[in-house]
Structure formats: C-alpha cells, structure tokens
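Chemist: The structure follows.
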Amino acid sequence: MDARWVLHLDMDAFFASVEQLTRPTLRGRPVLVGGTGGRGVVAGASYEARVFGARSAMPMHQARRQVGATAVVLPPRGAVYGMASRRVFETVRAVIPVVEQLSFDEAFGEPAELAGADRADVERFCEQLRRRVLDETGLVASVGAGSGKQIAKIASDLAKPDGVRVVGRAEERLLLDGLPVRRLWGIGPVAEEKLHRLGIGTIGQFAALTDTEVASILGATIGPALHRLACGIDDRPVAERAEAKQISAESTFAVDLTTLEQLRAEVGPIGEHAYRRLLRDGRGARTVTVKLKKADMSVLTRSATLPYATTDAATLTSAAARLLLDPQDVGPIRLLGVGFSGLTDVRQESLFPNLEFPEASSAEQSDHTEIPAPQPVSSPATALWRVGDDVAHPELGHGWVQGAGHGVVTVRFETRGSGPGPVRTFPADEPGLGPADPVESLDWPDYVAGSAEPD
33 MDARWVLHLD MDAFFASVEQ LTRPTLRGRP VLVGGTGGRG VVAGASYEAR VFGARSAMPM
93 HQARRQVGAT AVVLPPRGAV YGMASRRVFE TVRAVIPVVE QLSFDEAFGE PAELAGADRA
153 DVERFCEQLR RRVLDETGLV ASVGAGSGKQ IAKIASDLAK PDGVRVVGRA EERLLLDGLP
213 VRRLWGIGPV AEEKLHRLGI GTIGQFAALT DTEVASILGA TIGPALHRLA CGIDDRPVAE
273 RAEAKQISAE STFAVDLTTL EQLRAEVGPI GEHAYRRLLR DGRGARTVTV KLKKADMSVL
333 TRSATLPYAT TDAATLTSAA ARLLLDPQDV GPIRLLGVGF SGLTDVRQES LFPNLEFPEA
393 SSAEQSDHTE IPAPQPVSSP ATALWRVGDD VAHPELGHGW VQGAGHGVVT VRFETRGSGP
453 GPVRTFPADE PGLGPADPVE SLDWPDYVAG SAEPD
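Residue numbers (my numbering): 33 to 487.
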C-alpha cells in the first residue's frame with residue numbers, strides 16, 4: 033500500500049488534436065500547427081505527422097519537408113484551444129477539486145480518495161478520468177501516476193499516446209536511474225552540459241553523487257533540490273497556480289548587434305519562442321513589448337497596445353518587429369527580449385491578421401522607459417482569405433478555408449458535430465461568405481454560451 037499518489041494528465045498532441053476534432057476531414061492525417069511564414073515554427077504536430085519526425089519547436093519548413101505533400105499546415109487558433117482546454121480542466125476539477133494546471137494541456141492532481149490506494153485502484157481511477165475527459169470533450173489524454181510530481185510527469189510521457197502508466201514505489205528507482213539526466217525536472221541545457229563534462233549522463237549517476245559534490249557543480253541552492261528529485265524524494269504539494277501577468281522570451285548575444293538588420297533577424301525566433309509560451313498559456317495578448325539592453329547595460333523598452341487581445345502570430349510578431357530601434361542610433365545591443373501582456377481569454381481571433389502597423393518613432397533612452405507606439409491602421413474593407421480561416425455561409429453553415437488564391441477560395445463545411453463535410457469553391461469576393469467565430473467549430477453551443485463572459 034502506498035500513501036500518496038500524484039497524477040499528471042497530459043492531453044495528446046493537443047493543438048493538432050483540437051484541429052482534427054473540429055475539422056473531421058483531418059482525422060488520421062498529418063497535421064502541423066504553427067507559423068506558416070519563412071521563420072515559422074511548429075507549435076503542435078499530430079501523431080500522424082510525428083511518425084515522419086515532425087515535432088514541436090521544429091522550423092515549419094523542415095517539418096513540411098519531412099512529412100511531404102500529405103502535410104496539412106494550419107495557423108494556430110488560440111481561442112478554440114482555450115475553450116477546449118477550459119472544458120477539459122473543468123471536467124477534471126469535477127473529479128479532482130485541486131488541480132495544478134501547468135499549461136493549456138497538462139496539469140497535476142492529487143485525489144484525496146487515492147491516499148493509501150493500491151496500484152490497481154489507481155489505474156482504475158486514471159482510466160475513468162481519461163474516459164470522462166474523452167466523453168465530455170472528444171479529446172484524448174494520457175495519465176501518469178507516482179509518489180510525486182517528478183515520477184507522475186515521467187509516467188505520463190511513458191503512457192503516451194492514449195494510455196495510463198502507474199509507477200509504484202518499488203519500480204521508481206529502476207525507472208529513474210536509466211533515464212537521461214535532462215529528463216530531471218529543472219535540468220536545462222547549461223546544467224546538462226556541466227554534468228556531461230563530468231561523465232554524468234543519467235539520473236542514476238547524478239543520484240550517486242554526494243550532496244557536497246552536487247552543490248559544487250550546480251550551486252548550494254538548486255543542486256541539493258535537484259539531487260533529492262534524482263533520489264526519488266519529491267514532496268512538493270499540488271496547488272492551484274496563479275496566472276502569469278506577462279509572458280516573454282529573451283536572448284543575450286555572444287557579440288553585440290550593431291545593425292537594425294541583425295535585430296530584425298533575431299526578433300523573429302525570440303518572438304516565436306514567446307509566442308509558443310503564449311499558446312500554451314491559453315490566453316491572448318493585447319500589449320507587445322520589446323526590451324533592448326545596450327552594451328552599457330542600460331535598458332530600453334517600447335510597447336504597443338493593440339485594439340484587441342489576440343493569439344495571432346503574424347499580428348504579434350509584426351508589432352514586435354516594428355518596435356525595434358536602430359543600433360546605429362541608440363548604440364550596440366547585447367540583449368533582445370519580446371514580451372506579451374494584457375493577457376485575457378480570447379473568443380475570436382483578429383479577422384485581419386496581416387494588418388500593417390505604422391512605423392514607430394525612435395528615440396534614445398538612458399534608463400528603463402516605455403514608449404507608446406501608434407495604433408494599427410483601420411481594417412481593410414474585405415478579408416484576405418488564408419488557409420485555416422473560419423468562415424460562415426448562410427446556406428452551408430460553418431466551414432474553414434482549405435485553399436485560396438487566383439481569385440477563388442475553397443471551403444470545407446464541417447464542425448466537430450457534423451462529421452466530414454462537403455467542399456465548395458467560390459470567387460474570393462463571394463458575398464455570401466464571411467468570417468466566423470472559430471469557437472463555433474467546436475459545436476458546443478450550450479457550453480460556449482454558459483462560458484461566455486459578460487461584456
């Protein structure tokens with residue numbers, strides 16, 4: 033009998049699975065979700081795409097090349113993922129009152145009724161939880177269970193896809209010892225490199241070190257804490273998490289950047305990193321901030337506030353690029369950061385994601401200063417259709433754009449509840465075709481209406 037059981041629930045290929053759920057024609061096909069531009073990266077890949085080697089954070093052009101002509105590439109729809117995530121974890125909270133949600137698609141729980149339960153009871157509980165999530169949402173989760181968060185998270189990875197893995201106390205040591213040290217919670221690339229230089233490649237080898245050795249390698253604070261996890265000691269509580277007020281990413285350069293072209297080349301990857309964090313958080317952002325640290329260590333910040341909160345990558349990264357200052361004017365830049373704030377739930381994406389922003393004026397600042405940027409220009413009179421856009425037709429209902437160009441647009445009319453739907457091709461300026469709320473593709477009218485926030 034084991035006293036404590038912590039569960040880790042992880043939705044399988046969440047972004048791609050939501051696309052396949054709401055667009056039934058895509059079920060069984062290799063789906064890539066992410067930026068479609070030249071520097072775009074994969075935010076999510078279906079298991080059908082993963083068999084070709086595609087994975088999250090991979091450059092989109094590389095993933096498309098590996099999957100081949102069968103790849104279906106779609107821009108992220110944060111509003112849809114947010115609604116689906118909310119329903120998933122409301123379902124989980126109906127069973128486990130305290131849930132520590134880490135992101136859109138994963139969370140910890142510690143069911144009180146499992147205290148002292150045997151392995152069979154825990155497996156049964158996990159299977160029932162997965163079935164409940166599937167019945168309520170149509171989405172598949174994998175669940176891991178163990179004595180603490182570390183083991184539970186490793187177990188859920190081993191359970192994927194579409195499974196349950198319960199790790200009992202007797203097998204924890206054997207499981208941990210053979211895993212790469214990078215799998216240990218808190219070991220990043222820098223710590224991994226330090227350990228590898230000393231010939232320490234597995235969690236078991238790390239656990240065999242003394243406390244003094246660990247402290248000398250990784251520091252007196254973080255070292256012993258990681259060593260405890262490596263030894264299978266993990267008493268961290270499961271608790272609700274406060275929502276972040278800002279999501280950001282930054283990079284310090286080995287050599288200071290001295291031209292605007294160099295900055296523009298770096299803002300894309302850094303912005304994509306922050307954007308992937310935003311997607312996993314499940315909210316949209318209204319304010320974009322660029323941080324520039326100069327060679328003299330002074331910091332410049334510039335911010336632009338959009339008229340709406342969005343998860344549209346093109347809108348957010350375009351705003352970040354236009355906030356850059358020329359190093360020829362302000363001096364060499366040693367660090368660049370991109371941040372998103374004004375975070376809130378998004379019910380509808382921008383219908384005009386490719387809006388141009390007026391150029392912001394540049395000014396040198398000696399201290400940490402915020403410079404407001406102009407608002408975007410007015411929306412164009414008509415939408416420019418792109419693959420993945422949600423549309424509505426008065427007779428055919430809700431659909432999504434499968435192809436656009438050369439004056440025509442091809443639309444597949446389907447939602448979660450419809451099953452695979454018919455395809456129609458229209459002139460691009462078809463008057464009966466208009467933008468639609470992406471959330472309607474979930475076809476959860478009663479749930480969506482009950483979840484809507486008051487104006």
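From the three backbone atoms N, C-alpha and C, an ideal C-beta is built for every residue, glycine too.
Whole angstroms is fine: what's the gap from residue 273's alpha carbon to residue 439's?
Modeler: Looking up residue 273 in the sequence shown gives position 241. Looking up residue 439 in the sequence shown gives position 407. So the two alpha carbons sit approximately 49 angstroms from each other.
Chemist: Residue 126: buried (16+ other C-beta within 10 angstroms of its C-beta) or exposed?
Modeler: Here residue 126 corresponds to residue number 94 of the sequence shown, with the count starting at 1. Exposed is the call here.
Chemist: For the alpha helix (DSSP H) containing residue 255, name the first residue and the last one.
Modeler: Mapped onto the sequence shown, residue 255 falls at position 223. Counting along the chain, the alpha helix (DSSP H) containing residue 255 begins and ends at 254 to 262.
Chemist: Identify which residue in 193, 366 and 233 has its Cα closest to the Cα of residue 285.
Modeler: For the purposes of this step, residue 285 is identified with residue 253 of the sequence shown, where counting begins at 1. Comparing Cα positions, the closest option is 366.
Chemist: Please classify residue 173: does DSSP put it in a helix, a strand, or coil?
Modeler: As a first step, residue 173 is located in the sequence shown; it is residue number 141 there, counting from the start. Residue 173 falls in the strand class under three-state DSSP.
Chemist: So, is residue 206 buried or exposed, given that buried needs 16 or more other C-beta atoms within 10 angstroms?
Modeler: Against the sequence shown, residue 206 aligns to sequence position 174. The residue in question, residue 206, is exposed, as its Cβ has fewer than 16 Cβ neighbours within 10 Å.
Chemist: Could you tell me how far apart the beta carbons of residue 474 and residue 54 are, in whole angstroms, since I believe they sit closer than 8 angstroms?
Modeler: Reading the sequence shown from its first residue, position 442 is the one you call residue 474. Reading the sequence shown from its first residue, position 22 is the one you call residue 54. Right, the Cβ-Cβ distance comes to about 6 angstroms (below 8 angstroms), so this counts as a contact.
Chemist: What are the start and end residues of each continuous alpha helix (DSSP H) run of 4 or more residues lying completely inside the stretch 209 to 247, in chain order?
Modeler: Runs found: 221 to 229 and 235 to 239.
Chemist: Please report how far the alpha carbon of residue 477 lies from the alpha carbon of residue 468, in whole angstroms.
Modeler: The count along the sequence shown starts at 1 and reaches residue 477 at position 445. The count along the sequence shown starts at 1 and reaches residue 468 at position 436. The alpha-carbon atoms of residue 477 and residue 468 are separated by roughly 14 angstroms.
Chemist: What's the call for residue 226, buried or exposed, on a 16-neighbour Cβ count within 10 Å?
Modeler: Mapped onto the sequence shown, residue 226 falls at position 194. Exposed, because fewer than 16 other Cβ atoms sit within 10 Å of the Cβ of residue 226.
Chemist: What's the call for residue 447, buried or exposed, on a 16-neighbour Cβ count within 10 Å?
Modeler: The residue given as residue 447 occupies position 415 in the sequence shown. Classification for residue 447: buried.
Chemist: What do you reckon, are the CB atoms on residue 38 and residue 148 nearer than 8 angstroms?
Modeler: The count along the sequence shown starts at 1 and reaches residue 38 at position 6. The count along the sequence shown starts at 1 and reaches residue 148 at position 116. No, the pair does not count as a contact, with Cβ atoms beyond the cut-off.
Chemist: Could you tell me the alpha carbon to alpha carbon distance between residue 161 and residue 129, rounded to whole angstroms?
Modeler: Residue numbering aside, residue 161 sits at position 129 when the sequence shown is read from its first letter. Residue numbering aside, residue 129 sits at position 97 when the sequence shown is read from its first letter. Whole-angstrom Cα-Cα distance: 13 angstroms.
Chemist: With distances taken Cα to Cα, identify the nearest neighbour of residue 288 among 231, 321, 134 and 359.
Modeler: Here residue 288 corresponds to residue number 256 of the sequence shown, with the count starting at 1. Among 231, 321, 134 and 359, the Cα nearest to that of residue 288 belongs to 359.
Chemist: Using a Cβ-Cβ distance cut-off of 8 angstroms, determine whether residue 188 contacts chain D.
Modeler: The structure shown contains no chain D, having only a single protein chain.
Chemist: Between the beta-carbon of residue 191 and the beta-carbon of residue 170, is there less than 8 angstroms?
Modeler: For the purposes of this step, residue 191 is taken as residue 159 along the sequence shown, with counting starting at 1. For the purposes of this step, residue 170 is taken as residue 138 along the sequence shown, with counting starting at 1. Cβ distance not < 8 angstroms, so residue 191 and residue 170 don't count as in contact.
Chemist: Comparing alpha-carbon positions, which option in 61, 43, 41 and 71 lies nearest residue 297?
Modeler: On the sequence shown, position 265 is the one that residue 297 refers to. If we check each option's Cα against that of residue 297, 71 comes out closest.
Chemist: Just list the residues that DSSP pairs residue 40 with in beta bridges.
Modeler: Residue mapping note: residue 40 aligns to position 8 of the sequence shown, counting from 1. Partner(s): 140 and 176.
Chemist: Are the CB atoms of residue 62 and residue 84 nearer to each other than 8 angstroms?
Modeler: Locating residue 62 in the sequence shown gives position 30, counting from the first residue. Locating residue 84 in the sequence shown gives position 52, counting from the first residue. Cβ distance < 8 angstroms, so residue 62 and residue 84 count as in contact.
Chemist: Going straight from the alpha carbon of residue 201 to that of residue 279, what length do you get?
Modeler: Position 169 of the sequence shown, counted from the first residue, corresponds to residue 201. Position 247 of the sequence shown, counted from the first residue, corresponds to residue 279. Between residue 201 and residue 279, the C-alpha separation is close to 37 angstroms.
Chemist: Can you look up residue 478 in the DSSP assignment and give me helix, strand or coil?
Modeler: Sequence index remark: in the sequence shown, residue 478 carries index 446 (1-based). Note: residue 478 maps to helix in three-state DSSP.
Chemist: Check whether the stretch 42 to 51 touches the stretch 98 to 117, counting contact only when three or more Cβ pairs, one atom from each stretch, lie closer than 8 angstroms.
Modeler: They touch, by the three-pair rule.
Chemist: Between 103, 64 and 110, which has its C-alpha nearest residue 376's C-alpha?
Modeler: For the purposes of this step, residue 376 is taken as residue 344 along the sequence shown, with counting starting at 1. Residue 110 is the option with its Cα nearest to residue 376.
Chemist: Measure the Cβ-Cβ separation of residue 335 and residue 347 and say whether it is below 8 angstroms.
Modeler: For the purposes of this step, residue 335 is identified with residue 303 of the sequence shown, where counting begins at 1. For the purposes of this step, residue 347 is identified with residue 315 of the sequence shown, where counting begins at 1. No; because the gap between Cβ atoms is not below 8 angstroms, this pair is not in contact.
Chemist: May I ask you to list the residues that DSSP assigns as paired with residue 432?
Modeler: The sequence position of residue 432 within the sequence shown is 400, counting from 1. 422 and 444, per the DSSP bridge assignment.
Chemist: Could you tell me which residues DSSP pairs with residue 317 in its beta bridges?
Modeler: Here residue 317 corresponds to residue number 285 of the sequence shown, with the count starting at 1. Its beta-bridge partners are 342.
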